[in-house]
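Q: One structure, as structure tokens, below. Some questions next.
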Amino acid sequence: MNTRLHTWTWVAWLIVTLIALSATRNLFYLTLILFCLLVNYFILEASFQKGAYPLSLLRFGLMICGFSTVFNLLTSHNGATVIFSLPQAWPLIGGSYTLEAAVYGLTNGLVLFGILLVFTIFSQVLPVRRLIRLVPRVFFPVAVVTSIAVTFVPTTIRQFHQIKEAQLIRGQRLKSLGDWLPLIVPLLVGGLERALQLSEAMTSRGFASSSPAPGKQSSRLVMVSGLLLVTAGWILGSWSGKESLGLGLIFSGLLLLLGALWWMGRQIPHTNYTREVWQAGDGIVLLGSGVLVFVLLSSFAGLTILGSLYYSAYPVLQWPDFDPWIGSALLALCFPAYIMSLGKK
Amino acid sequence: MISLRDVTFTYPGAARPALKSVNLEIASGCFGLVTGPSGSGKSTLLRCLNGLVPHFSGGILSGSICVAGLNPVQASPQIMSRQVGFVFQDPETQFVVDRVEDEVVFAMENLAFPPQEIQARLDNALDLAGLNALRNRRLETLSGGERQRVALAAVLALKPGLLVLDEPTSQLDPEAAEGILQTLVRLNKNLGLTILLAEHRLERVLPFVNSLIYLNTDESGLIVGEPRQVLSHIDVASPVIALAKQLAWRPLPLTVQEAKPFAASMHLPVPEPVEVEHQEQPGEIALQIADIHVSYESYPALKGVSLTVHAGEILALMGSNGAGKTTLLRSLVGLVRVNEGSIQLFGQPTQNMDPANLSELIGYLPQDPNSLLFAETVQEELLFTLHARQPHSRPMKKVRAVELESEAVAQSTQMLVQMGLADLAAAYPRDLSVGQRERVALAPIMVARPRILLLDEPTRGLDTAAKDQLAQILRTWRDEGHTIILVTHDVELVARLVDRVAILEAGSLVAAGNPAEVLSTSPVFKPQMLQLFPEAGCLTPQEIVDRLNPPG
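Going line by line, the protein sequences match chains G and L.
Its first residue numbered 1279, the first sequence is counted upward by one per residue in my numbering.
Its first residue numbered 702, the second sequence is counted upward by one per residue in my numbering.
Structure, rendered in structure tokens:
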């Protein structure tokens, strides 16, 4: 079984994970989501780019959670369970330090760590070319440039380490701000030199060699008309009370804009030599994601058989609820790891 | 295929032209080598062929250029990309995406080739470059030679009539370089592809080419022709040619194979054993490496390496790319943690010393000299090292500070003179040529007078003159008692410079000892003289000449 998931399956998984992460502050559910993400991370890690990040992701996650907890503890003095207090008269740091503030900060940290994990997995599991293909064709040159900028990051980090080591063994110690100059100058100059070499290589391989698309002028006119319609609709809806007319104009304007972009994209000569194939594994991941979205929306809508996603540490810290249905649905976020591990076996 | 008529080109802001009145005609199907000293305009000439000069560089160009029936100045590099494939020195800076197959199809998708044609061209290009087995791999997991093949496949996919390569093997070990050159020969012979290649190491490329273009830095201009004919007019030569010229072999042999009949007809006297009155004792032990193991995550980079190096010795560390040479150097300066075993510098264990402390004993020049250079002038680079070593812990009297500063200036000036850089003291380091930059990067290391010097690939991209200069400097330091460890793929430099050779393979030391002994048994790192006279034990042409005509 070929277990490579379709690019749009990964996009769907990414969106559903982000929805789940932003839908709740319940510590149980957040822990479950992070568990699923870590399962994905460790099972897929073998295919990740080596040395892409300067710091271990887990260590970075712990730093985020720690910082968020401490920051909220120091800045928010709400909550009933006081751990200790400092005199109110002390500027900035005076007041009560509560357990609720610490827990709330921790939940924020877990959400941030989850977002970092999900984007890390997404960017590592999809080759750059498949990411570029997600971008509408009209923005293709911008997408290529952005992808190059993204692939530049690991190289720059590697280069920074090389420079730091080279200066260190020259006897340089980083004690003051001025000591960073020997690191920054070679990094900047080296980065510029690499950028020039790459653009030279791309030019000599025919990048951006296509002639200007015909009909550029007319598509620009359509885009301007679309923008005018959107503006007119917004003005009509906001100030003259003609909301339905305004909405209609906005909708028409947006259609014109999208149409113009689509048409301009068609004029850019570009081909894809392979077409991705939908497979059973995609169906499983998409089904799991669909069920999870349904459960999350039902919970939002207040469906009685499901518990609430809502949880707040304030005003008095309490144990969060745990609904096994929601918990089971969240486990669907592990499906990509399961499908990909089938291939390894 | 190529026609240049009276081409003169000057870079923006340059005082003199990079190319002056160049006339050149290259026929289809030719495999040409472009060579010449650094700064003679090799890269500029190659870039004229696909329009990167002047479109990308700016500058003033006069004369006329015609490549495959097109004028690159009028057509632009993008249009020329269908006729001229260009492979650059560093494969890493050429890649746009992250996988082999994606990289090869990138340009074709961008030029909107039909999918079926892309598929056919992709298969063909991967086949020609010998990359079929690697087509789904991430680029970062490939070796240097494999990456250069990917760059080659990416341009071959566009089916150019002319392939231009700017020092494509300068970063590769001899085996990987040979692989790339064999691929080029196949393309030239089987497909009739015209190839133009710039390279400093003649011994690598001469066996394969049928035309030589020599660019001078002086007014004498360009010499073009059949390699034998051109080489008889210029001083630059591989060891075989240098020997052939000294012994007046005719016709001039270009390769070891061609020189073998001449060598076979010669009687090389066996040297009479010299009675040694007292054996020269090696200096004190500078470095003792005992059974060290180093791993990157679960990958073992060094597996039980033991080595002893004496003071006043030059040791060459050789091996294929990825054999662990750089890791060994990095572990000596404390940049890599040693898992097992011990390292001692002049009897002192290094395990508790940090790199900054170690730097007082060991100087280390990394592969890329640019990672060291940041100051506005060459002299400031040296002063920076000296200031980093001055005491800062307690306030100093103004008089003492002035004394220290004038000492530092004197020391740095002395070092610049010793390294032949006095004229460049006020120059901006990054504006200098590759050879000058290498020496400028070495000067701030040496100004601190470390007792041991580690050099990682110091001759990469250097021309013969710059290499000779560097070799002379290293000899002087060796004679002053410094210990030098040199990581290099340059077999001929090793043959004429070092006292001992150690060969690493797959993280283990497989041979160490006298250069003639070690290199004569190595299938990969064998200098031309040992290939030509396997029994003689001579490493350089001069040794052969001395054997034939003993001094006195």
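All C-beta atoms, glycine included, are put in the ideal place defined by N, C-alpha and C.
Can you list, in chain order, the residues of its chain with a C-beta nearer than 8 Å to that of G/Val1420? Leave out the 5 residues immediately preceding and following it.
A: Excluding residues within five positions, the ones whose Cβ falls inside 8 Å are Val1413.
Q: At a cut of 8 Å, does the segment 986-1002 of chain L reach the segment 1156-1167 of chain L through at least three beta carbon pairs?
A: Output reads no: the segment 1156-1167 of chain L does not touch the segment 986-1002 of chain L.
Q: Answer yes if the segment 921-940 of chain L comes into contact with the segment 756-764 of chain L, meaning at least three C-beta pairs across the two stretches below 8 Å, and no otherwise.
A: Result no; under three Cβ-Cβ pairs closer than 8 Å.
Q: For L/Pro713 and L/Gly759, which I take to be in contact (beta-carbon distance under 8 Å), what is that distance rounded to the nearest angstrom?
A: Their Cβ separation, rounded to whole angstroms, is 5 Å, which keeps L/Pro713 and L/Gly759 in contact under 8 Å.
Q: Of the residues that make up the segment 799-815 of chain L, which ones have a beta carbon closer than 8 Å to any beta carbon in chain G?
A: Taking 8 Å as the Cβ-Cβ cut-off against chain G, the residues of the segment 799-815 of chain L that qualify are Asp799, Arg800, Asp803, Val806, Phe807, Ala808, Met809, Glu810, Asn811, Leu812, Ala813, Phe814, Pro815.
Q: At a Cβ threshold of 7 Å, is G/Pro1414 touching chain L?
A: False, the Cβ-Cβ gap to chain L never drops below 7 Å.
Q: Would you say G/Phe1362 lies against chain L (beta-carbon separation less than 7 Å)?
A: No - not a single Cβ of chain L is within 7 Å of the one on G/Phe1362.
Q: Output the residue ranges of the beta strand (DSSP E) runs that lie fully inside the segment 732-802 of chain L and measure 3 residues or longer, sorted by chain position.
A: The segment 732-802 of chain L contains these whole beta strand (DSSP E) runs: 732-736, 761-768, 785-788.
Q: Could you say if the segment 930-944 of chain L and the segment 886-906 of chain L meet the contact criterion of at least three C-beta pairs nearer than 8 Å?
A: Verdict: yes, contact present.
Q: Give me the chain G residues within the contact set of L/Ile819, using Cβ-Cβ distance strictly less than 8 Å, ordered along the chain.
A: The answer, in chain order, is Thr1549, Tyr1551.
Q: Say whether the segment 1424-1440 of chain G touches the segment 822-830 of chain L, bearing in mind that this needs 3 or more beta-carbon pairs closer than 8 Å, one atom from each stretch.
A: As far as the Cβ criterion goes, the segment 1424-1440 of chain G does not touch the segment 822-830 of chain L, which means the pair count is below three.
Q: Check whether the segment 1190-1201 of chain L and the segment 1013-1022 of chain L touch, using three or more Cβ-Cβ pairs below 8 Å as the test.
A: With a cut-off of 8 Å, the segment 1013-1022 of chain L and the segment 1190-1201 of chain L count as touching, because enough Cβ pairs lie within range.
Q: Spatial neighbours of L/Phe1226 within its chain, please: C-beta separation below 6 Å, excluding the five flanking residues on both sides.
A: Within the same chain, L/Phe1226 has close Cβ partners Met1019, Val1192, Leu1220.
Q: Can you give me the Cβ contacts of G/Pro1365 inside the same chain, cut-off strictly under 6 Å, excluding the 5 residues immediately before and after it?
A: Contacts found: Gly1372.
Q: Between G/Gly1468 and chain L, is there a C-beta pair that is closer than 7 Å?
A: Yes, contact with chain L.
Q: Report the three-state DSSP secondary structure of L/Val995 (helix, strand or coil).
A: Strand, per DSSP.
Q: How big is the Cα-Cα spacing for L/Glu1077 and G/Pro1460?
A: Those two C-alpha atoms are separated by around 11 Å.
Q: Would you call the segment 1045-1058 of chain L and the segment 1228-1240 of chain L touching, i.e. three or more CB-CB distances under 8 Å?
A: They do not touch, by the three-pair rule.
Q: Return the residues of the segment 1417-1437 of chain G that lie within a Cβ-Cβ distance of less than 9 Å from chain L, sorted by chain order.
A: So the list reads Phe1418, Val1422, Ser1425, Ile1426, Thr1429, Pro1432, Thr1433, Gln1437, given in the order they occur along the chain.
Q: So, at 8 Å on beta carbons, what are the nonlocal neighbours of G/Leu1465 in its own chain, with the 5 sequence-adjacent residues on each side left out?
A: Excluding sequence neighbours, G/Leu1465 sits near Thr1434, Gln1437, Phe1438, Ile1441.
Q: Buried or exposed: L/Thr1027, going by 16 or more other Cβ atoms within 10 Å of its Cβ?
A: Label assigned to L/Thr1027: buried.
Q: Which one of G/Leu1340, G/Phe1391, G/Phe1345, G/Thr1359 has the shortest CA to CA distance from G/Leu1299?
A: Answer by Cα proximity: G/Phe1391.
Q: If you draw a straight line from the C-alpha of L/Leu1059 to the C-alpha of L/Leu1033, how long is it?
A: Their Cα atoms are separated by approximately 9 Å.
Q: Using three-state DSSP, classify L/Gln989 as helix, strand or coil.
A: Note: L/Gln989 maps to strand in three-state DSSP.
Q: For L/Val1199, which option in L/Leu1156, L/Cys749, L/Leu897 has the closest C-alpha, if you only look at C-alpha atoms?
A: Residue L/Leu1156 is the option with its Cα nearest to L/Val1199.
Q: So, is the C-beta of G/Arg1498 closer than 7 Å to a C-beta in chain L?
A: No, no contact with chain L.
Q: Sort G/Ile1462, G/Thr1549, G/Leu1305, G/Val1571 by Cα distance to G/Tyr1382 and report the nearest one.
A: Minimum Cα distance to G/Tyr1382 is reached at G/Leu1305.
Q: Compare the C-alpha of G/Thr1552 against each of L/Gly1214, L/Phe807, L/Val1211 and name the closest.
A: If we check each option's Cα against that of G/Thr1552, L/Phe807 comes out closest.
Q: G/Ser1516 bridges to which residues according to DSSP?
A: Beta-bridge pairing links G/Ser1516 to no other residue.
Q: Using 8 Å for Cβ pairs, my map puts G/Leu1564 next to G/Thr1287. What's the rounded Cβ distance?
A: Contact holds; Cβ gap of about 6 Å.
Q: If we count the other Cβ atoms within 10 Å of its Cβ and call it buried at 16 or more, is G/Asn1280 buried or exposed?
A: Because G/Asn1280 carries a pLDDT of 47, less than 50, the predicted location of this residue cannot be relied on, and no value is offered for it.
Q: Can you confirm whether L/Tyr1065, when its beta carbon is compared against all beta carbons of chain G, has any partner nearer than 7 Å?
A: Yes, L/Tyr1065 lies at the interface with chain G (some Cβ there is under 7 Å from its Cβ).
Q: Is L/Arg822 buried or exposed, if buried means 16 or more other CB atoms sit within 10 Å of its CB?
A: Under this definition L/Arg822 is a buried residue.
Q: Assuming the contact rule is C-beta atoms closer than 8 Å, L/Ala878 and L/Thr870 should be a hit. Round their C-beta distance to whole Å, please.
A: Confirmed, Cβ separation roughly 4 Å.
Q: Taking G/Gly1392 as part of the beta strand (DSSP E), name the residues at either end of that continuous run.
A: Looking at the DSSP string, G/Gly1392 is not in any beta strand (DSSP E); the run it does join, the alpha helix (DSSP H), is 1377-1403.
Q: Hey, does G/Phe1613 have any beta-carbon neighbour from chain L nearer than 7 Å?
A: So, not an interface residue.
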